[in-house]
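Participant:
Residue numbers (the UniProt record's numbering): 1 to 389.
1. In angstroms, rounded to a whole number, what distance separates the CA positions of residue 306 and residue 283?
2. Check the C-beta distance from residue 145 over to residue 115 and give it rounded, since I have them as a contact under 8 angstroms.
3. For my contact list, residue 237 and residue 230 are in at a C-beta cut-off of 8 angstroms; report their separation, rounded to the angstrom.
4. Quick one: using the 10 Å Cβ neighbour count with 16 as the cut-off for buried, is residue 94 buried or exposed?
5. Only counting the same chain, and skipping five residues up and downstream in sequence, which positions put a Cβ closer than 7 angstroms to that of residue 141?
6. Kindly indicate which residue of 60, 106, 59 has the alpha-carbon position closest to the one of residue 79.
7. Can you tell me where the alpha helix (DSSP H) holding residue 241 begins and where it ends?
8. Do you know whose CA, among 233, 346, 288, 369, lies nearest residue 313's CA?
9. Using DSSP with H/G/I as helix, E/B as strand and the rest coil, what is residue 283?
10. Quick check: the Cα distance between residue 298 and residue 289, rounded to an integer number of angstroms?
11. With residue 314 as the anchor, note down where its alpha helix (DSSP H) starts and where it stops.
12. If you follow the alpha helix (DSSP H) that residue 49 is part of, which residue opens it and which one closes it?
13. Could you check what DSSP says for residue 103 in three-state terms: helix, strand or coil?
14. With DSSP collapsed to three states, give me the class of residue 292.
15. For residue 138, is the classification buried or exposed, using 16 other Cβ atoms within 10 angstroms of its Cβ as the cut-off for buried?
16. Should residue 110 and residue 82 be called a contact, given that it needs their Cβ atoms to be closer than 8 angstroms?
17. State the DSSP-derived secondary structure class of residue 120, mapped to helix, strand or coil.
18. Measuring only the C-alpha atoms, how far is residue 235 from residue 315?
19. Quick check on residue 11: does DSSP put it in helix, strand or coil?
20. For residue 320, count neighbouring Cβ atoms within 10 angstroms of its own Cβ and tell me buried if that reaches 16, exposed if not.
21. Where does residue 114 fall in DSSP's three states?
22. For residue 330 and residue 323, I'd like the C-alpha separation in whole angstroms.
23. Only counting the same chain, and skipping five residues up and downstream in sequence, which positions put a Cβ closer than 7 angstroms to that of residue 113?
24. Helix, strand or coil: how does DSSP classify residue 197 here?
25. May I ask you to report which of helix, strand or coil DSSP gives residue 18?
26. Can you give the Cα-Cα distance for residue 268 and residue 285, rounded to whole angstroms?
27. CA-CA distance, residue 311 and residue 292?
28. Nearest to residue 395 by alpha carbon, out of 265, 274, 308, 54?
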């Protein structure tokens with residue numbers, strides 16, 4: 001029994017103070033490390049006892065962090081995360097915490113990175129017998145992971161588009177809610193299938209019914225891309241200052257003409273009111289010209305929509321036409337130069353032929369002269385030899 005308990009119960013009767021108290025709490029042992037353990041811990045070879053300042057430590061950390069590039073740091077982080085998850089999964093009865101729980105996207109990214117590392121390792125490895133087969137397997141696995149990532153992205157985009165279509169639909173207050181139907185019937189019923197069919201029809205109306213084909217405009221029958229291109233061309237035409245000035249001038253001229261027509265109409269109305277017998281004063285030639293004008297307008301109306309595209313096409317072809325004209329002029333100059341060269345060559349051939357004929361004649365004349373000269377020299381030598389000595 002401790003001293004404090006003994007002091008408390010020392011004066012009470014019928015208490016045996018010599019026996020141990022079974023209800024007494026044992027004293028807590030001092031768990032502080034001893035001096036010998038502290039000394040052994042300090043004297044360990046793995047621990048550096050060198051004093052290090054704050055600035056020096058920060059400089060060392062900056063130097064060690066600066067030597068590692070971003071790719072190596074990311075690879076080390078992913079490997080450490082993988083090792084942590086592997087140790088957590090292999091621990092006895094331990095469950096992975098919510099902080100270390102690996103999502104599907106993280107797992108896909110990790111597998112893609114590990115497949116890429118395996119491909120790099122197989123590419124740098126030398127002398128391996130099965131490296132080609134392993135490289136093919138790694139390549140197929142990498143392509144499969146890329147396809148899975150693409151499918152996940154497409155599923156996310158399709159879900160977002162479905163949500164947009166659902167929010168764009170006008171809600172019917174008399175129709176029952178889908179949650180109520182699902183709770184009443186349980187599972188997927190015919191109503192859910194009908195709702196899904198309506199969503200698919202709405203999607204087809206928005207993006208087009210044909211897979212891989214551009215959506216069509218119901219009003220014009222052309223593609224949305226063509227309609228957007230036509231609208232952009234029309235906006236460019238309207239935004240051009242020169243075209244705007246021309247349109248303003250034509251509008252002013254049209255207003256002046258309309259004022260004149262209104263004045264003529266009012267004058268004709270007054271004349272008709274004054275003399276009702278002369279109401280039919282339009283001759284046949286004027287009526288024929290009006291009919292021709294209406295026919296011309298009906299044929300021009302169908303070309304109004306094509307006018308901006310045609311103008312843009314002509315503007316784009318203006319440079320090509322200019323280059324073609326320049327090329328034609330160059331070809332004409334080359335042709336004329338070739339003709340002149342051909343004429344000069346013909347002249348030179350004639351001159352060469354005359355020169356060759358004159359050379360032949362001169363050579364024959366020289367040969368004759370040389371023969372005569374040889375004969376005269378021979379005769380002269382004979383005469384000299386015949387002279388008396």
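Glycine is no exception: its CB is placed at the ideal position from the N, C-alpha and C atoms.
Model, not experiment: these values are computed from the prediction.
Facilitator: Checking against the coordinates, here is how it stands:
1. 36 angstroms
2. Residue 145 to residue 115, Cβ: 6 angstroms. Contact.
3. About 11 angstroms separates the two Cβ atoms, so there is no contact after all.
4. Because the pLDDT of residue 94 is 44, which lies under 50, any placement of that residue in the model is unreliable, and the number read from its coordinates should be weighed accordingly. Result: exposed.
5. 115
6. 106
7. 241-274
8. 233
9. Secondary structure at residue 283: coil, using DSSP grouped into helix, strand and coil.
10. 14 angstroms
11. 306-386
12. Where residue 49 is concerned, there is no enclosing alpha helix (DSSP H), given that its DSSP letter is neither H nor E.
13. coil
14. helix
15. buried
16. yes
17. helix
18. Spanning the two alpha carbons is a distance of roughly 16 angstroms.
19. coil
20. Residue 320 is exposed by the Cβ-count criterion.
21. Reduced to three states, the DSSP call for residue 114 is helix.
22. Answer to the nearest angstrom: the Cα atoms are 10 angstroms apart.
23. The residues are 78.
24. helix
25. coil
26. 19 angstroms
27. 26 angstroms
28. With the chain covering 1 to 389 only, the question about residue 395 has no answer from this structure.
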